[in-house]
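**Q** Pasting a structure below so you can have a look.
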Amino acid sequence: MLTAYDWLWATLLDETGVDGLLVGDTLGMVVQGRESTLPVTLKQIIYHAEMVVRGTKRALVVVDLPFMTFQVSPRQAVRNAGRILKETGAAAVKLESGARQASTIEALAGVDLPVMAHVGMRPQSVRKYGKMSAIQRNAQQLMQDAIAAEQAGAFAIVLELIPREIARDITAELSIPTIGIGAGPDCDGQVLVTPDMLGLTAGFNPKYLKRYADIREAAVTAARQYVEEVQQGAFPDAAHSHGQ
Ligand code: KIV
6 MLTAYDWLWA TLLDETGVDG LLVGDTLGMV VQGRESTLPV TLKQIIYHAE
56 MVVRGTKRAL VVVDLPFMTF QVSPRQAVRN AGRILKETGA AAVKLESGAR
106 QASTIEALAG VDLPVMAHVG MRPQSVRKYG KMSAIQRNAQ QLMQDAIAAE
156 QAGAFAIVLE LIPREIARDI TAELSIPTIG IGAGPDCDGQ VLVTPDMLGL
206 TAGFNPKYLK RYADIREAAV TAARQYVEEV QQGAFPDAAH SHGQ
């Protein structure tokens, strides 16, 4: 699974055979340039998810429920998740969830809204726990959160930033698929934030992140060359000009 936030990238990523595209609330950071995911609104995620769905032919599109669009009550979660699926055509929603959100997952699954859970590091809790870069190591709590999500009706679960041994044990215990990010190789699947794995973002280098390309460098080099050529009058040249 990879994240996507617009039509262009969705078309490109969908071609790769990736199983799932996540319209993550990392949108707040990698697209909007904010410090956390908290400011992302329902309206914004719907706007981006609709573009992603339009650019996707085969991957499963999953959309994050942004901060405070599901925490108030299960009823609020059902209403907002319903809007997301109805207005974007996406297949499922994801919510950051510990055992305390089990009734919310149950409410969503209870009206046949496919829901993916997300345990371990939960960026929407940044105000309570601070920077959030720490690995979550409480094995008992993590197992409890994961089991609660499965029992409540989640069809899959993201495990973020937890030791690989705990992720392995959770994966063995659950019957739904686990999708890891910073959770080691024993999860059923993996997810990365696309701008991070393509080397588009700068200054974010957690141990788990493998950069598969350096698109930032390539883009800056190309744009710099264009600027220089225009300034020097080298572009457009005859090959790129229409004659009579
Ligand atoms: O918002 C997001 O992109 C995510 C991934 C980090 C899993 O939740």
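Counting in the working numbering, the sequence shown runs from 6 upward without gaps.
Note that the Cβ used here is the ideal one computed from N, Cα and C, for glycine as well.
Short check: CB of D30 to CB of K62, under 8 Å?
**A** Here residue 30 is taken as the residue at index 25 of the sequence shown, counted from 1. Here residue 62 is taken as the residue at index 57 of the sequence shown, counted from 1. In this structure, K62 does not lie closer than 8 Å to D30 by Cβ.
**Q** Might you give, ordered along the chain, the residues of its own chain that have their beta carbon closer than 6 Å to the beta carbon of D69, omitting 5 neighbours on each side?
**A** As a working mapping, residue 69 is identified with position 64 in the sequence shown. Non-local beta-carbon contacts of D69 in its own chain, meaning distances under 6 Å to residues more than five positions away in sequence, involve G29, D30, K99 in chain order.
**Q** Mind checking which residues open and close the alpha helix (DSSP H) that includes I110?
**A** What you label residue 110 is simply residue 105 of the sequence shown in a count that begins at 1. Start and end: 107–115.
**Q** By the three-class DSSP mapping on this structure, what secondary structure does Q149 have?
**A** Residue numbering aside, residue 149 sits at position 144 when the sequence shown is read from its first letter. Three-state DSSP puts Q149 in a helix.
**Q** Nearer than 7 Å: is that true of the beta carbon of E165 relative to any heavy atom of the ligand KIV?
**A** Sequence index remark: in the sequence shown, residue 165 carries index 160 (1-based). Answer for E165: yes, Cβ within range of the ligand KIV.
**Q** Say the cut is 7 Å; is the CB of H123 nearer than that to a heavy atom of the ligand KIV?
**A** The count along the sequence shown starts at 1 and reaches residue 123 at position 118. Within the cutoff, so yes.
**Q** Rounding to the nearest angstrom, what Cα-Cα distance links A159 and V83 in this structure?
**A** Position 154 of the sequence shown, counted from the first residue, corresponds to residue 159. Position 78 of the sequence shown, counted from the first residue, corresponds to residue 83. Going from the Cα of A159 to the Cα of V83 covers about 14 Å.
**Q** Among the residues of its own chain, which have a CB less than 8 Å from the CB of R26, if the five just before and after it don't count?
**A** Taking the sequence shown and counting its residues from 1, the one referred to as residue 26 is at position 21. Here the sequence assigns Leu to residue 26, which means Arg is not the residue at that position. Correct list, in chain order: M6, L7, T8, A9, A15, L18, D19, V57, T61, A64, L65, V66, V67.
**Q** When burial is assigned at 16 or more other CB atoms within 10 Å of the CB, is S102 buried or exposed?
**A** Residue numbering aside, residue 102 sits at position 97 when the sequence shown is read from its first letter. Label assigned to S102: buried.
**Q** Would you list the residues sitting across from H123 in a DSSP beta bridge?
**A** Translated into the one-based positions of the sequence shown, residue 123 becomes position 118. Looking at the DSSP assignment, H123 forms a beta bridge with E101, V163.
**Q** Considering just the uninterrupted stretch of the alpha helix (DSSP H) at T93, what are its terminal residues?
**A** For the purposes of this step, residue 93 is taken as residue 88 along the sequence shown, with counting starting at 1. 79–93 is the span of the alpha helix (DSSP H), which, as asked, contains T93.
**Q** Between the stretch 150–158 and the stretch 110–129, do at least 3 Cβ pairs fall closer than 8 Å?
**A** yes
**Q** L197: buried (16+ other C-beta within 10 angstroms of its C-beta) or exposed?
**A** Within the sequence shown, numbered from 1, the residue matching residue 197 stands at position 192. L197 is buried by the Cβ-count criterion.
**Q** Pull the bridge partners of V68 from the DSSP assignment, please.
**A** For this step, residue 68 is matched to residue 63 along the sequence shown. Beta-bridge pairing links V68 to V28, V98.
**Q** What does DSSP give as the partner residue(s) for Q141 in the beta ladder?
**A** Counted from its first residue, the sequence shown places residue 141 at position 136. According to DSSP, which records beta bridges pairwise, Q141 is partnered with nothing at all.
**Q** What do you reckon, is the C-beta of T31 under 7 Å from a heavy atom of the ligand KIV?
**A** Counting from 1 along the sequence shown, the entry for residue 31 is found at position 26. Yes, the Cβ of T31 comes within 7 Å of a heavy atom of the ligand KIV.
**Q** DSSP on G60, reduced to helix/strand/coil?
**A** Residue mapping note: residue 60 aligns to position 55 of the sequence shown, counting from 1. Here G60 sits in coil by DSSP.
**Q** Near S108, which residues of its chain fall below 8 Å by C-beta distance, leaving aside the five closest residues on each side in sequence?
**A** Translated into positions along the sequence shown, residue 108 becomes position 103. The residues are P79, A157.
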